[in-house]
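Engineer: Protein chains in written order, with full-length UniProt numbering: chain S, 1 to 322; chain X, 1 to 322; chain V, 1 to 322; chain F, 1 to 322. Got a structure for you, questions after.
There are 4 protein chains.
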Amino acid sequence: MKRIGVFTSGGDAPGMNAAIRAVVRQAHALGVEVIGIRRGYAGMIQGEMVPLGVRDVANIIQRGGTILLTARSQEFLTKEGRAKAYAKLQAAGIEGLVAIGGDGTFRGALCLVEEHGMPVVGVPGTIDNDLYGTDYTIGFDTAVNTALEAIDRIRDTAASHERVFFIEVMGRNAGFIALDVGLAGGAEVIAVPEEPVDPKAVAEVLEASQRRGKKSSIVVVAEGAYPGGAEGLLAAIQEHLQVEARVTVLGHIQRGGSPTAKDRILASRLGAAAVEALVGGASGVMVGEVEGEVDLTPLKEAVERRKDINRALLRLSQVLAL
Amino acid sequence: MKRIGVFTSGGDAPGMNAAIRAVVRQAHALGVEVIGIRRGYAGMIQGEMVPLGVRDVANIIQRGGTILLTARSQEFLTKEGRAKAYAKLQAAGIEGLVAIGGDGTFRGALCLVEEHGMPVVGVPGTIDNDLYGTDYTIGFDTAVNTALEAIDRIRDTAASHERVFFIEVMGRNAGFIALDVGLAGGAEVIAVPEEPVDPKAVAEVLEASQRRGKKSSIVVVAEGAYPGGAEGLLAAIQEHLQVEARVTVLGHIQRGGSPTAKDRILASRLGAAAVEALVGGASGVMVGEVEGEVDLTPLKEAVERRKDINRALLRLSQVLAL
Amino acid sequence: MKRIGVFTSGGDAPGMNAAIRAVVRQAHALGVEVIGIRRGYAGMIQGEMVPLGVRDVANIIQRGGTILLTARSQEFLTKEGRAKAYAKLQAAGIEGLVAIGGDGTFRGALCLVEEHGMPVVGVPGTIDNDLYGTDYTIGFDTAVNTALEAIDRIRDTAASHERVFFIEVMGRNAGFIALDVGLAGGAEVIAVPEEPVDPKAVAEVLEASQRRGKKSSIVVVAEGAYPGGAEGLLAAIQEHLQVEARVTVLGHIQRGGSPTAKDRILASRLGAAAVEALVGGASGVMVGEVEGEVDLTPLKEAVERRKDINRALLRLSQVLAL
Amino acid sequence: MKRIGVFTSGGDAPGMNAAIRAVVRQAHALGVEVIGIRRGYAGMIQGEMVPLGVRDVANIIQRGGTILLTARSQEFLTKEGRAKAYAKLQAAGIEGLVAIGGDGTFRGALCLVEEHGMPVVGVPGTIDNDLYGTDYTIGFDTAVNTALEAIDRIRDTAASHERVFFIEVMGRNAGFIALDVGLAGGAEVIAVPEEPVDPKAVAEVLEASQRRGKKSSIVVVAEGAYPGGAEGLLAAIQEHLQVEARVTVLGHIQRGGSPTAKDRILASRLGAAAVEALVGGASGVMVGEVEGEVDLTPLKEAVERRKDINRALLRLSQVLAL
């Protein structure tokens with residue numbers, strides 16, 4: 001393999017730049033050229049490509065977002081679109097791809113593998129941590145710490161006003177962020193999509209907590225844990241609630257910012273491993289970190305199998321939020 | 001004056017604790033005792049009081065929120081409520097008050113001065129910076145920097161996805177936060193309550209910016225700048241807009257967190273000055289910092305006169321957001 | 001077991017408070033009382049004890065340092081001192097201990113177990129991550145991120161002035177902090193105690209890097225990697241170096257600050273697990289997290305066996321720092 | 001004036017990039033071209049110049065350091081060196097200069113004005129805040145907050161170990177950083193170059209504080225306040241001191257990082273004002289902000305007159321550090 005392409009796709013995640021840097025420099029060390037493809041599959045179809053040398057990725061390890069940009073592409077969802085993309089890759093002499101992103105990215109990559117025989121290795125870059133085959137995805141640790149910092153701030157107000165705050169964090173289908181943020185933030189209640197949420201039970205927890213003398217409480221709600229998110233859950237509880245409550249939706253601040261050490265290291269490790277795997281002949285797989293070791297998982301499994309949250313931690317959070 | 005009371009009221013603001021610390025220690029240095037009144041006017045009516053010695057305010061200069069708590073009181077809005085509060089103050093031997101808060105706090109304080117002759121000196125503690133008689137209020141600098149940090153994060157995503165973000169910051173009647181955050185955050189448009197907001201003009205600015213090659217933009221909107229805030233403004237523009245846009249409401253994260261150096265210094269200075277003024281016989285006034293010097297302003301003026309935003313900075317932001 | 005004691009000892013680490021909170025609340029959930037022992041073994045000898053209820057540990061999960069304080073005790077190093085300490089524990093009705101700290105703490109704990117049969121379970125709380133039996137110690141993740149933030153700042157200056165910076169991080173006997181910080185910070189060279197450091201080789205790496213066009217570089221040096229630390233290493237290299245170089249010793253800022261999500265979760269998990277183990281009859285063991293699961297390791301092993309750094313990551317850092 | 005040059009020189013300061021951005025965009029708005037001169041006077045002599053368009057300064061307002069780099073130049077200290085530099089400026093068609101830096105930068109600028117009649121307007125960019133003619137210099141607010149954050153971290157350890165910490169901050173000739181950081185950090189003692197430091201008096205303050213029950217203390221020392229800095233001061237006191245004390249030198253972390261809102265706004269304002277002044281015919285002056293308004297001061301005065309620290313704040317810090 002003489003030349004590979006790298007791109008980011010889907011929602012941006014802190015650490016994507018560190019992964020790009022690792023791909024470029026590991027490839028260089030193996031004598032392989034790297035072409036950066038801009039704006040994900042949309043740019044692939046348009047042939048938006050730029051050679052990436054080792055100095056082009058200097059001083060980006062600490063930056064949020066992605067220097068290669070990202071976009072969603074309707075056209076790539078069609079067979080014709082993908083054929084166009086493949087033609088551009090061939091024209092550029094690209095013999096293999098490193099795809100950095102989440103499950104949408106990997107579904108697209110699988111099509112390239114299956115329809116055109118293009119070798120692709122995936123790198124899990126998404127704040128949601130909802131990919132099977134890796135204990136953590138790149139961006140998750142940063143998102144959790146950003147959300148936690150926000151909760152620490154809100155707690156100042158919650159405590160000063162003796163109020164309950166319902167804080168909505170990202171996670172439409174998965175409660176990873178909510179669970180870690182809730183446990184680390186000392187939340188009274190953590191609502192995740194993986195477990196049924198009973199508004200009456202939530203209200204009872206909050207009231208019991210008030211009776212024990214806890215004047216302010218934090219409820220962390222994953223977007224997809226309840227219809228309408230945090231706002232919806234509060235509306236369903238309002239009448240049972242004796243205390244004043246407020247809602248804050250953290251939103252897009254969770255996506256950005258300089259990556260944590262953990263995300264930079266994970267991205268460095270997986271970016272380099274992806275190049276090694278690709279050059280070594282692997283395709284249709286995702287690199288991940290499992291119990292501290294780099295591991296390969298078929299993209300199909302990464303996307304289709306479900307990684308569960310740690311339910312023991314969810315129970316622990318209830319014990320500790322006395 | 002042998003004994004004074006101190007309390008915080010209204011929305012909490014970072015630096016309130018630094019102000020309490022300064023009040024207690026400056027009073028101690030002058031041989032005056034300090035009683036902390038908890039939960040603002042609500043606690044005053046209930047007689048929730050606690051003596052504050054110099055060690056009781058140790059290690060709080062860096063904490064957000066307020067150790068004295070804050071609350072809103074319906075009862076204090078009535079003459080009877082205020083009479084009850086005054087009786088409690090008398091019973092506790094309190095001869096003067098330092099009131100830390102915003103305009104609601106000061107309106108209440110004025111009633112105590114006028115109806116009961118209780119000496120009160122106000123300290124401007126609110127993130128909104130909307131008080132006449134001080135260049136900055138305690139908490140404003142921290143709120144601006146917190147919002148700015150959030151915008152820096154969102155810009156990573158805006159740039160990576162080439163999107164426009166509408167970010168709503170606090171400020172129902174005043175655009176101070178929006179202006180500073182927008183200028184410091186490199187916002188394309190800053191919408192403040194002090195100036196009419198024309199959706200069509202906003203759309204034109206954004207389109208012109210896209211034509212010049214700027215792919216992502218930030219629009220900062222003060223809560224009260226447009227009906228419905230950022231969401232409302234985007235809805236009014238949507239049809240004219242060629243690019244994808246998202247809304248983020250920063251909300252309560254702007255209130256909390258450890259105060260900046262500037263807020264701690266301002267709080268220290270004004271807290272100490274309030275005690276000196278009170279002990280020196282002042283009443284019905286607010287201490288403020290004007291052009292670097294401590295100044296006294298009648299509470300009535302502080303509340304009723306309007307402090308304007310710096311319109312030259314608003315124009316500058318338009319020049320610089322090319 | 002009706003009543004247990006908890007204490008922190010040795011250098012403070014972010015997350016110790018989260019561990020104390022977990023110990024108190026998990027014990028409460030099991031119907032066991034908790035006594036906080038202040039100032040480590042020194043306070044144990046003096047009988048400085050205070051009952052800890054669930055509300056006493058409210059709002060501390062996010063605080064750095066330790067509310068129980070810590071100290072070093074010469075007296076406890078003697079048999080007589082330990083007998084005194086044991087007598088105080090008996091007098092207070094304490095039937096078991098949770099010891100939060102590093103290897104010095106655990107050596108002391110082992111003596112209590114062996115000489116007096118006092119049941120003790122250890123919780124690994126130290127920023128150094130140098131304990132066998134746990135993948136990470138409480139405080140390590142925070143220390144790494146704090147040091148990384150400092151390096152990101154210094155890189156601004158390094159890049160602007162085109163200089164080399166030698167940055168010393170904590171780690172007298174172990175290179176865990178240096179390795180993670182160096183890899184995440186994009187350091188050109190990482191000097192750790194686990195590998196011989198050849199000044200001439202370091203100089204060559206830096207010069208080769210300059211020849212490749214990299215104008216500024218970061219060298220991360222663990223305290224114990226070279227005689228005299230970063231200062232010593234630079235002195236040994238100076239004459240071979242063509243560029244201007246500066247030294248910064250990060251020092252104590254690495255110990256403090258609000259713990260990261262990861263440290264709070266680890267502390268919560270291990271604090272709770274320690275109580276469960278102790279109440280379940282365990283003694284002379286340390287709770288740790290190994291490959292994501294809670295595990296018990298004899299204190300003797302935790303202290304005597306050596307946990308190695310990940311040498312693959314060290315080599316990766318050399319590939320990526322092109 | 002059709003074309004101007006802009007450069008940064010001396011120690012880098014957070015906000016320099018925001019100033020460069022303002023210079024470029026304000027010039028553009030006035031129809032004036034901007035040439036960026038790299039590496040300060042050294043690059044000027046070498047003719048390292050690059051045209052700066054409005055998009056070249058996009059997305060830099062939040063970055064620390066300086067995209068134009070900075071350097072020290074021995075050659076520019078000679079008349080010949082300056083003549084060479086002037087020739088390069090002429091060759092490039094540069095009719096005026098905006099010089100961003102501190103007093104060394106301005107001394108150099110004055111020579112260009114006096115020897116060659118080159119119009120120059122200075123912008124105060126230095127973390128030290130030691131320039132006459134502006135209440136604050138660009139970078140000062142960020143440096144103070146960075147140092148304060150470090151002190152907040154160290155206080156966790158100081159409190160947990162009941163120790164005294166001597167923390168050295170930047171400031172060889174001026175105590176601005178030390179004063180603000182010390183006051184905001186609740187320091188027991190603040191040692192500045194502007195006031196004589198008596199070790200015995202410092203020891204007495206610390207002992208009195210211990211007697212009052214304050215177990216841990218922070219002493220903030222400006223580099224130039226005492227021979228040998230913090231280390232020197234502690235050595236001079238050691239024998240009088242009953243408690244354990246440690247030294248931390250904050251060093252270069254104070255220079256870097258993303259600028260605060262205040263520094264970005266100040267930089268935006270002064271960068272734009274410098275262009276307006278230059279185009280309007282001003283030369284040999286520095287733009288500054290005095291009592292909230294933009295003001296011009298002769299470079300000679302800016303460099304030679306001494307701006308004093310606020311001694312009232314120094315006394316206040318002693319009252320509040322009870």
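A virtual CB, placed ideally from N, CA and C, is assigned to each residue, including glycine. Quick caveat: nothing in here was measured; it's all calculated off a predicted structure.
For I67/S, does the three-state DSSP call read helix, strand or coil?
Structural biologist: coil
Engineer: Could you pull out every unbroken alpha helix (DSSP H) segment of at least 4 residues lying fully inside the segment 86-169 of chain F, listed in chain order?
Structural biologist: 103-116, 140-161
Engineer: Would H28/S count as contacting chain V if we go by Cβ distances under 8 Å?
Structural biologist: yes
Engineer: Are G228/S and A222/S closer than 8 Å when you measure CB to CB?
Structural biologist: No, the pair does not count as a contact, with Cβ atoms beyond the cut-off.
Engineer: Can you name, in chain order, every residue of its own chain whose Cβ lies under 7 Å from the Cβ of R107/S, other than the five neighbours on each side?
Structural biologist: V303
Engineer: Taking only runs that begin and end inside the segment 19-65 of chain S, name each unbroken beta strand (DSSP E) of 3 or more residues, in chain order.
Structural biologist: Whole beta strand (DSSP E) segments, 3+ residues: 33-37, 49-51.
Engineer: For R305/V, which of helix, strand or coil comes out of DSSP?
Structural biologist: coil
Engineer: Could you say if the segment 142-155 of chain S and the segment 242-258 of chain S meet the contact criterion of at least three C-beta pairs nearer than 8 Å?
Structural biologist: yes
Engineer: For the segment 260-274 of chain V, which residues have a beta carbon sitting closer than 8 Å to at least one beta carbon of chain S?
Structural biologist: Listed by position along the chain: T260, A261, K262, R264, I265, S268, R269, A272.
Engineer: To the nearest angstrom, how far is the alpha carbon of L69/F from that of G101/S?
Structural biologist: 35 Å
Engineer: Consult DSSP for G288/X and reduce its assignment to one of helix, strand or coil.
Structural biologist: strand
Engineer: How big is the Cα-Cα spacing for L30/S and I177/X?
Structural biologist: 51 Å
Engineer: Using a C-beta cutoff of 8 Å, does A191/F count as contacting chain V?
Structural biologist: no
Engineer: V189/V bridges to which residues according to DSSP?
Structural biologist: V219/V
Engineer: From S268/V, R25/V, A184/V, pick the residue whose C-alpha is nearest to that of T137/V; which is it?
Structural biologist: S268/V
Engineer: At which residues does the alpha helix (DSSP H) containing L316/X begin and terminate?
Structural biologist: 311-320
Engineer: For R172/S, name the three-state secondary structure that DSSP assigns.
Structural biologist: coil
Engineer: Go ahead and label P259/V buried or exposed: buried means 16 or more other beta carbons lie within 10 angstroms of its beta carbon, across all protein chains shown.
Structural biologist: buried
Engineer: Would you grab the beta carbon distance between G256/F and G65/F for me? Rounded to a whole angstrom, and I think it's under 8 Å.
Structural biologist: 7 Å
Engineer: Enumerate, from N- to C-terminal direction, the unbroken alpha helix (DSSP H) stretches of 4 or more residues contained entirely within the segment 207-291 of chain S.
Structural biologist: 229-237, 261-279
Engineer: If you reduce the DSSP assignment to three classes, tell me which class D180/S lands in.
Structural biologist: helix
Engineer: Return helix, strand or coil for E194/S, following the three-state DSSP convention.
Structural biologist: coil
Engineer: Using only CA atoms, which one of L233/S, F140/S, G232/S, D135/S lies nearest to R306/S?
Structural biologist: It is D135/S whose Cα lies nearest to the Cα of R306/S.
Engineer: When the Cβ atoms of the segment 153-173 of chain S are set against those of the segment 182-200 of chain S, are three or more pairs found closer than 8 Å?
Structural biologist: yes
Engineer: What distance in whole Å lies between the Cβ atoms of G292/S and G224/S, which are believed to be in contact at a cut-off of 8 Å?
Structural biologist: Going by Cβ atoms, the distance from G224/S to G292/S rounds to 30 Å, so no, they are not a contact pair.
Engineer: Output needed for L322/S: all residues of its chain with C-beta closer than 6 Å, excluding positions within five of it in sequence on either side, in chain order.
Structural biologist: none
Engineer: Under the rule that 16 or more other beta-carbon atoms within 10 Å means buried, what is V50/V, buried or exposed?
Structural biologist: exposed
Engineer: So what does F7/X bridge to, in DSSP terms?
Structural biologist: A99/X
Engineer: According to the neighbour-count rule (16 or more other Cβ atoms, all chains shown, within 10 Å of its Cβ), is Q26/S buried or exposed?
Structural biologist: buried
Engineer: Could you give the distance in angstroms between the alpha-carbon of F165/X and the alpha-carbon of V243/X?
Structural biologist: 10 Å
Engineer: So which residues on chain F does R25/X lean against when the C-beta distance must stay under 7 Å?
Structural biologist: V319, L320, L322
Engineer: Around the Cβ of H28/S, are there at least 16 other Cβ atoms within 10 angstroms (buried) or fewer (exposed)?
Structural biologist: It is buried - the Cβ of H28/S has at least 16 other Cβ atoms within 10 Å.
Engineer: Assuming P298/V is part of the beta strand (DSSP E), what are its boundary residues?
Structural biologist: That run of the beta strand (DSSP E) goes 293-298.
Engineer: Roughly how many whole angstroms lie between the Cα atoms of G122/F and A272/F?
Structural biologist: Going from the Cα of G122/F to the Cα of A272/F covers about 12 Å.
Engineer: Please state if the CB of V181/V and the CB of V219/V are separated by a distance shorter than 8 Å.
Structural biologist: Here V219/V is not near V181/V, since their CB atoms are 8 Å or more apart.
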